[in-house]
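Read left to right, the first sequence gives residues 5 to 264 (our numbering). No residue lacks a Cβ here, since even glycine has one placed at the ideal position from N, Cα and C.
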Amino acid sequence: MVLLSITTIMEDVGIDEAFLDISDEPDSNEAIVERIKSGIYEKTGLTCSIGIAPNKLLAKIASDMQKPNGMTVFTGDDIEKKLWPLPIRKLYGIGPKTEEHLKAMNIQTIGQLASLSMESLIKRFGHSYGYYLYEAARGIDESPLVTHWEPKSFSRETTFQVDVKDWQVIARTIAELTKEIVSDMSRRHYRARTINLKIRFDDFRTITRATTIEGYSGSEEVIRKAAFACLKRVELARKVRLIGVRVTNLEKLEKVSLPV
DNA sequence: TCTGGGGTCCTAGGACCC
DNA sequence: TCTGGGGTCCTAGGACCC
């Protein structure tokens, strides 16, 4: 609510982050930051860090630069000075695997990443991600704020305290997870066509199996049966550490309640 | 560094159809 | 009968984010 009083163009990112489009706000950056900080402090007693930049990618990085209770302004002119010296891992979308990969190529900073050609990045990382890295290293990000979205999947998973071998326990767990998912789904008025089962073994190997059914369903029985059909296709040679169930391929039901 | 849960997106390969 | 191209759907796995 604090943030919505600033602007209604807002994208929630998880529980404690958001992007705000303040490009049309008449107040100065400093004034807006002050309103946000004091508003959040009054409501929650918490401080926050704020980044102001021409796009989401840079705003995210900027907000990270002065961590407790800070504010960083990033302009298009700061790319070389502020972005390029940073380690690659600071770039949104670069995780441990890509970091490792790039370091093996002797790329340590975002600036060094920016020295690679688009062709070589696409060759190494595939079309979409290679192109993303090329642009991100230059601070380019045209992605709009997403103010409304629909879920693409519902899932539940659980890790056992002790690795299990007992088929009964596995089956019961699948049934329980399914029940919770179906409850989520029906509360939010969705039905699904594809049911995924995820199993992690005691050696951390993780496999998935999917079943796509004839039409969309929100029936606990139908979805549980599909999950069991997936389970049948798994060779349970090792103990199981984690079980997960996910439904994808969703259809939103209209407010007028339809039979499930 | 190794901890868990709920998500998203991407890629590759196979099946099937025209 | 064989070869090949293009499109779509499905499955399995991987990487990343909060």
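1. Rounded to whole angstroms, what's the CA-CA distance from G115 to K60? Just pull it up for me.
2. Would you call the CB atoms of I40 and I19 closer than 8 Å?
3. Within the same chain, show all residues whose beta-carbon is closer than 6 Å to that of A230, passing over the 5 residues directly before and after it, in chain order.
4. Say whether the region 233-248 touches the region 162-173, bearing in mind that this needs 3 or more beta-carbon pairs closer than 8 Å, one atom from each stretch.
5. If you draw a straight line from the C-alpha of G222 to the C-alpha of A196, how long is it?
6. What is the residue span of the beta strand (DSSP E) that Y194 lies within?
7. Look at the alpha carbon of I13 and the alpha carbon of D28, and state the distance between them as a whole number of angstroms.
8. Among Q112, L106 and T113, whose alpha-carbon lies nearest the alpha-carbon of S124?
9. For a test of the three-state rule: what should DSSP assign to K243, helix, strand or coil?
10. Exposed or buried, what is V186 when buried is set at 16 or more other beta-carbons lying within 10 Å of its beta-carbon?
11. Measure the C-alpha to C-alpha separation of L257 and V226 and round it to an integer number of angstroms.
12. Roughly how many angstroms separate the alpha carbons of S121 and Y220, rounded to a whole number?
13. Helix, strand or coil for N253 per DSSP?
14. Which residue wins for smallest C-alpha separation from Y135, given the options L149, P148, V150 and L117?
15. Please confirm whether any heavy atom of the ligand GDP lies closer than 7 Å to the CB of E154.
16. So, is I211 buried or exposed, given that buried needs 16 or more other C-beta atoms within 10 angstroms?
17. Assuming the contact rule is C-beta atoms closer than 8 Å, K64 and Y96 should be a hit. Round their C-beta distance to whole Å, please.
18. Just to confirm the assignment, what range does the alpha helix (DSSP H) spanning R191 have?
19. Determine, using beta carbons only, whether L254 and S132 come nearer to each other than 8 Å.
This is what the structure gives:
1. 19 Å
2. no
3. I199, T215 and I217
4. yes
5. 6 Å
6. Y194 to F205
7. 10 Å
8. L106
9. coil
10. buried
11. 17 Å
12. 45 Å
13. strand
14. L117
15. No copy of the ligand GDP appears in this structure; indeed no ligand is present at all.
16. exposed
17. 5 Å
18. W171 to R191
19. no
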